[in-house]
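Note sheet for the following structure.
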Amino acid sequence: MRQKFSIAGPFGKLSGVINLCEVESKRCNVLVMAHGFRGSMEGSGRAAALADELGDSVCSVVRFNFSWCTMLSNQIAELKAVLDFVRETLKPERLFLLGRSFGGATCIVTACGEESFATAVDAGILSGSEGEEVAADDAKENSCDNSDKAGWWERKTYRPNGMVLWSAPNSLKKTFVQVLGEDAFQAALHGKTIVLDDERGRDEIPATFVADLLQYDVAELLKKWQQGPLLIIHGEKDTTVTPEQAKENFEISGGEKELHYMKGDNHHLDLCFQEANELVKNWLEKNI
Numbered sequence: 021m022r023q024k025f026s027i028a029g030p031f032g033k034l035s036g037v038i039n040l041c042e043v044e045s046k047r048c049n050v051l052v053m054a055h056g057f058r059g060s061m062e063g064s065g066r067a068a069a070l071a072d073e074l075g076d077s078v079c080s081v082v083r084f085n086f087s088w089c090t091m092l093s094n095q096i097a098e099l100k101a102v103l104d105f106v107r108e109t110l111k112p113e114r115l116f117l118l119g120r121s122f123g124g125a126t127c128i129v130t131a132c133g134e135e136s137f138a139t140a141v142d143a144g145i146l147s148g149s150e151g152e153e154v155a156a157d158d159a160k161e162n163s164c165d166n167s168d169k170a171g172w173w174e175r176k177t178y179r180p181n182g183m184v185l186w187s188a189p190n191s192l193k194k195t196f197v198q199v200l201g202e203d204a205f206q207a208a209l210h211g212k213t214i215v216l217d218d219e220r221g222r223d224e225i226p227a228t229f230v231a232d233l234l235q236y237d238v239a240e241l242l243k244k245w246q247q248g249p250l251l252i253i254h255g256e257k258d259t260t261v262t263p264e265q266a267k268e269n270f271e272i273s274g275g276e277k278e279l280h281y282m283k284g285d286n287h288h289l290d291l292c293f294q295e296a297n298e299l300v301k302n303w304l305e306k307n308i
């Protein structure tokens, strides 16, 4: 059952679609999808098809459009706005994130940023004494603890119960040098606007976009994911976000983690997207 929605985001209206699970008892389990750079919630029809399939029998699915070519800081704020909307309207018992490419980086920062950890303490998920223990124990302090029994909507945190990283980067610098080109990337660092003109259209990327993303060390943040299920899916021949970045994400994270390379496939998983969809479906069924 598809339902359109629009909310007032931090930088303007955000529009999206909810696939409310056809199995009423499973509607309280929600997957929120975040698309990639210069992408959309439709994902060339593939994201919509995955949402329909999951909505039939697995969980409710929420997908939405970020502001076009917006900075990572803005995407994080917009994802949090959507999560606030989901918290209020759907009241999920369990919440999962799926981030594709740049959306994966957005999910990592949202899930493992300092605010997410701090609000877990504020919400009483960690008691005062546990908070002191966490402060004394670096490993525990840096973990995204998903083991509490409260429903996600009650937890007052943006940390999901589980996360899917689909063609997601480990290094934003390496990735956007590849996406923009070394010369354009360096020009942006010197304050110049970048123009991208290709099959996706013509877009002007302000220099602030590059300066902003360099504030974030997604690898360092992902080290905080030490509990909870994590699914990493990556094309074996991805030339945009290189395959070793997926391996690095797998090695630095903890929890019940899986890494699946799609044989011979590219950044968009053009060859194996149905296999990838099946991995997501099976993973969700196992972890809900």
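In this note's numbering, the protein residues as written are 21 to 308. C-beta: ideal position from N, C-alpha, C; glycine also. On a predicted model such as this, the values are computed, not experimentally measured, just so you know.
With a threshold of 6 angstroms on Cβ separation, who are the neighbours of residue i within its own chain once the five nearest residues in sequence on each side are excluded?
i	result
N9	Given that the chain is displayed from residue 21 to residue 308, the structure contains no residue 9 and the question cannot be resolved.
L216	D223
F86	Q95, E98
F229	M91
L103	Y178
E276	P249
L233	L92, L192
L289	G255, M282, A296
C292	M282, D285
S273	L242, W245, L250
G171	E113
Mark residue i as exposed unless 16 or more other C-beta atoms lie within 10 angstroms of its C-beta, in which case mark it buried.
i	result
D258	buried
I285	This sequence places Asp at residue 285; Ile is not what is there. That one is buried.
R6	No answer is possible for residue 6: the residues shown for the chain start at 21 and end at 308.
R22	exposed
A156	Below a pLDDT of 50, predicted positions are generally treated as unreliable, and A156, at 28, falls in that range; the measurement from the model is reported next regardless. Exposed, by the Cβ-count rule.
Q246	buried
A28	exposed
S35	exposed
A181	In the sequence as displayed, the identity of residue 181 is Asn instead of Ala. That one is buried.
A204	buried
S167	Unreliable positioning characterises S167 in this predicted model, as indicated by a pLDDT of 48, which lies under 50. A coordinate reading is not provided.
Q265	buried
V43	exposed
A231	exposed
Please go through the same chain and pick out, in chain order, the residues whose beta-carbon is closer than 8 angstroms to the beta-carbon of residue i, but skip the five residues on each side of it.
i	result
A68	V37, M61, E62, R83
H287	S121, S187, G255, D258, T259, T260, V261
K267	L279
G148	Here G148 scores only 36 on pLDDT, less than 50, and its place in the model should not be relied on; the value that follows carries that caveat. Counting only Cβ-Cβ distances below 8 angstroms, and skipping sequence neighbours, we find nothing.
K46	S77, V78, C79, S80, I308
F31	S87, T90, N94, A97, E98
F105	F25, I27
So, for residue i: in the same chain, excluding its five sequence neighbours on each side, which residues have a beta-carbon less than 7 angstroms away from its beta-carbon?
i	result
A227	A208, G211, K212, T213
V238	A125, I128, V129, P189, N190, L192
E305	V78
R220	R58
S26	K33, L34, S35
K100	T130, Y178
Opposite residue i in the DSSP bridges: which residues?
i	result
L185	G119, I252
K39	With the sequence shown as reference, residue 39 is identified as Asn, and Lys is not the correct amino acid for it. In the DSSP output, where bridge partners are listed per residue, N39 has R22, V81.
L28	Looking at the sequence shown, residue 28 is not Leu but Ala. A28 is bridged to K33.
M53	R83, L118
Y281	H254
Quick check: the segment 183 to 192 against the segment 227 to 244, are at least 3 beta-carbon pairs closer than 8 angstroms? As far as the Cβ criterion goes, the segment 227 to 244 touches the segment 183 to 192, which means the pair count is three or higher.
Determine contact between the segment 68 to 82 and the segment 38 to 48, defined as no fewer than three beta-carbon pairs at a distance below 8 angstroms. yes
Just list the beta strand (DSSP E) runs in the segment 195 to 251, keeping only unbroken ones of 3 residues or longer that don't cross its boundaries, in chain order. 214 to 218, 221 to 225
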